[in-house]
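Heads up, the thing below is written out as structure tokens.
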Amino acid sequence: MVRSSVPPDDRTFPFALHAAAAAVAAGKRPVKGLELHAAALRRGLLLADVFAGNTLVTFYAACGRAADARRMFDEMPARDVVSWNSLVSALLTNGMLEDAQRVVVGMMRSQVPVNVASLVSVVPACGTQREEEFGLCIHGLALKSGLDSVLNLGNALIDMYGKFGDLEAAMRLFNGMPERNEVSWNSAIGCFVHTGIYEDVLEMFRAMLGHGVTPGSVTLSSLLPALVDLGVFIWERRSTAPNVVSWNAMIANLAQNGAESEAFRLFIEMQKNGGCPNAFTIVNLLPACSRVTSLKMGKQIHAWSIRRSLMSDLFVSNALIDAYAKCGQLSLARNIFDRSEKDDVSYNTLIVGYLQSPCCFESLHLFEQMRSAGVEYDAVSFMGCLSACANLSAFKQGKEIHGVLVRRFLSTHPFLANSLLDLYTKGGMLDTASKIFNRITQKDVASWNTMILGYGMLGQHDVALELFDLMKDDGVDYDHVSYIAVLSACSHGGLVERGKKYFSQMLAQNIKPQQMHYACMVDLLGRAGQLSESAEIIRNMPFRANSDVWGTLLGSCRIHGNIELARWAAEHLFELKPEHSGYYTLLMNMYAEAGMWSEAHEIRTLMKSRKVQKNPAYSWVQNGNKLQAFLVGDA
DNA sequence: GCAGTCCAAG
């Protein structure tokens, strides 16, 4: 325009700056806007035109430069109410509520006639920051200036009171409104969503429809997380096109409620309909990938995040680390961790991720690295570290962490206390464990389960069973882990009949037995020499037995020298875990002991043809603060 | 031509 010598007038400038601010919001650098500022100075525009100054205040706010926005305002030769309002929202968009409050007060003192915009912009911030006192002040000002009947302000106030938890004030405003629009209804619905009384949410939604108000994308987004079971119903009856937020809400709704593949389908459909997935979409979908261990979908979403340059978002990179770790892909998870920005969640996610892996000692390394990196520990970090210590039998280090927790008054934290129980029971230190256990005021199901498992493992079955009965008296209901604990106590104690009783009790309680429960039953019967009954259990399982179950049977066969069943179990194990050398060795030794040399030789050949390596054995050595693994030779 | 209300995440 300038180059083609068409003179730009006063109106061109705000337009152009608006575009420059939008570019900044889209991730571009602010050069265009700075050039425009310079041009405006050269032309003396800022001396003559309030509009130019106002737009610059907003532009600097959009760049995240609140101080520059304020300087712009201070240097303006003349200001109007929009200048003040622009400064207020400039401060608010940069999270400076207190400064914004001071400006509003200054505005009153300078006798600037406030309008709706002056008040309406601070109201949402008061709500989210729980600034009740100032929020009530604003409401008071609205009443005094007669602005309280303005629709926008009323809507904002309803939402604010909802965020304060003052449902009565919110409803009084809502019911007294001279007119309502969709936002009024959304704000009112939002108040009930906060309270968690979903019958009321639904009732408001019905009332909204009854008043002939069309629910838009914002209504959808706030209803979907609240009304999970009605989600699809509402979604299918939507009358307006969804926006990114409502797509995301629906995807989250499906992903978090067991409809993972539906969520993936919607992700595709969203893009077909021109929706552009963002960081929220990714973060909602990734846990669904790990829940159904869909590595393929996870990788697709990873690739998508790279293309849309979303990898710099901490939520996205952390969610990816978590998804890969949960799918057992620790090296992929590590890769992202090493290349990304890191916060406490990144460290915690990977620490927990390594726990169930063969590289569990990495959890301890990371815990140490976290400290060197100056990232603060939280309860999750300590929990991960304690579990790692328990898994690695690193009891000395575990005790040190216990000391840290005591000094930080965290040793009675509900799930940290449980991690301590796990550590001490695994280390055979039942006295310490039971002292901690007795000090937990709110014992949850995990606390009881850990103690029962501990006593069961260490041969004190009577105590384990006693605890199992006591937990019910304490008002804590059994879960599926409780039954694993009690069944394994029975099997270690040789209490076959009692074990059978608990198993049927579990079925009666409508807890569906999982692989581990069957493994316990197979162990219970197998140890007692009732191998054919063990086999019968496996044959009658409602799903295919995994390696835990077959491995247990193989172990019992070894004890009782039943080669026939051992072969049967081993055949399944060779298929399920072909790389696991222990199973081959066990069967081979059984054949050898029975003098069945040709069969033993066959297994040896099978091992060679599959290139199965014997696992080297490691020993853990404390080296300063670090735990090191040393190879001690062939197992 | 500038300012201003409601919705979603580890």
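Last residue of the first sequence: 635 in the UniProt record's numbering, with the numbers rising by one and none dropped. For every residue, glycine included, the Cβ atom is placed at its ideal position computed from N, Cα and C. If you're wondering where the values come from, they're calculated on a predicted model, not measured in any experiment.
Simplified DSSP state of residue i, which is helix, strand or coil
i: R610; result: coil
i: R79; result: coil
i: V632; result: Only weak support is given to the placement of V632: the predicted model assigns it a pLDDT of 48, under 50, and the value that follows is read from those uncertain coordinates. DSSP places V632 in strand when its eight states are reduced to three.
i: C137; result: helix
i: N181; result: coil
i: R307; result: helix
i: L364; result: helix
i: I511; result: coil
i: L173; result: helix
i: C126; result: helix
i: N248; result: helix
i: V112; result: coil
i: R408; result: coil
i: I197; result: coil
i: Y478; result: coil
i: T240; result: coil
i: V50; result: helix
i: M107; result: helix
i: Y324; result: helix
i: C276; result: coil
i: Q101; result: helix
i: L230; result: coil
i: M596; result: coil
i: K28; result: coil
i: T214; result: coil
i: E131; result: coil
Outcome for residue i when other beta-carbon atoms lying within 10 angstroms are tallied against a minimum of 16
i: R426; result: The amino acid occupying residue 426 in the given sequence is Lys; Arg does not appear at that position. K426 should be labelled buried.
i: C520; result: buried
i: I138; result: buried
i: A38; result: exposed
i: F267; result: buried
i: P215; result: buried
i: S312; result: exposed
i: P178; result: exposed
i: T58; result: buried
i: D634; result: Confidence in D634 is poor, its pLDDT being 40 and thus under 50, which makes the residue's placement unreliable; the coordinate value appears in the next sentence. Flag for D634 reads exposed.
i: F13; result: buried
i: Q613; result: exposed
i: Q442; result: exposed
i: W597; result: exposed
i: A20; result: buried
i: V316; result: buried
i: D523; result: buried
i: L91; result: buried
Where the alpha helix (DSSP H) containing residue i begins and where it ends
i: Q515; result: Q515 to R527
i: T432; result: L430 to R439
i: residue 636; result: Past the edges of the chain, shown from 1 to 635, lies residue 636, and the structure says nothing about it.
i: L286; result: A279 to R291
i: A379; result: A379 to L392
i: K32; result: V31 to R42
i: residue 673; result: Summary: the structure shown does not reach residue 673, with the chain confined to residues 1 through 635, and so no result is reported for it.
i: L330; result: L330 to R339
i: E260; result: E260 to K272
i: H18; result: T12 to A25
i: A373; result: Taken as a continuous stretch (DSSP letters only), A373 belongs to no alpha helix (DSSP H), as it is neither H nor E.
i: L223; result: S217 to A226
i: K426; result: P414 to K426
i: D473; result: H461 to D473
i: T355; result: Reading the sequence as shown, one finds Leu at residue 355 and not Thr. Taken as a continuous stretch (DSSP letters only), the alpha helix (DSSP H) holding L355 covers D344 to L355.
Rounded distance between the beta-carbons of residue j and residue i, thought under 8 Å
i: S217; j: N243; result: 4 Å
i: G526; j: L553; result: 6 Å
i: L136; j: L119; result: Rounded, the Cβ-Cβ distance is 12 Å, inconsistent with contact.
i: A67; j: M96; result: Going by Cβ atoms, the distance from A67 to M96 rounds to 10 Å, so no, they are not a contact pair.
i: I440; j: A417; result: 5 Å
i: F468; j: I452; result: 6 Å
i: R206; j: L220; result: Between L220 and R206 the Cβ distance is about 15 Å, and since that is not below 8 Å, they are no contact.
i: I401; j: F382; result: 6 Å
i: L423; j: C389; result: 6 Å
i: L430; j: G398; result: With a Cβ gap of about 15 Å, L430 and G398 do not count as contacting.
i: I563; j: A535; result: With 8 Å as the limit, I563 and A535 do not qualify as a contact, their Cβ atoms being about 14 Å apart.
i: I351; j: G374; result: Between G374 and I351 the Cβ distance is about 16 Å, and since that is not below 8 Å, they are no contact.
Entirely enclosed alpha helix (DSSP H) segments - the region 535 to 591, minimum 4 residues: 547 to 560 and 563 to 576
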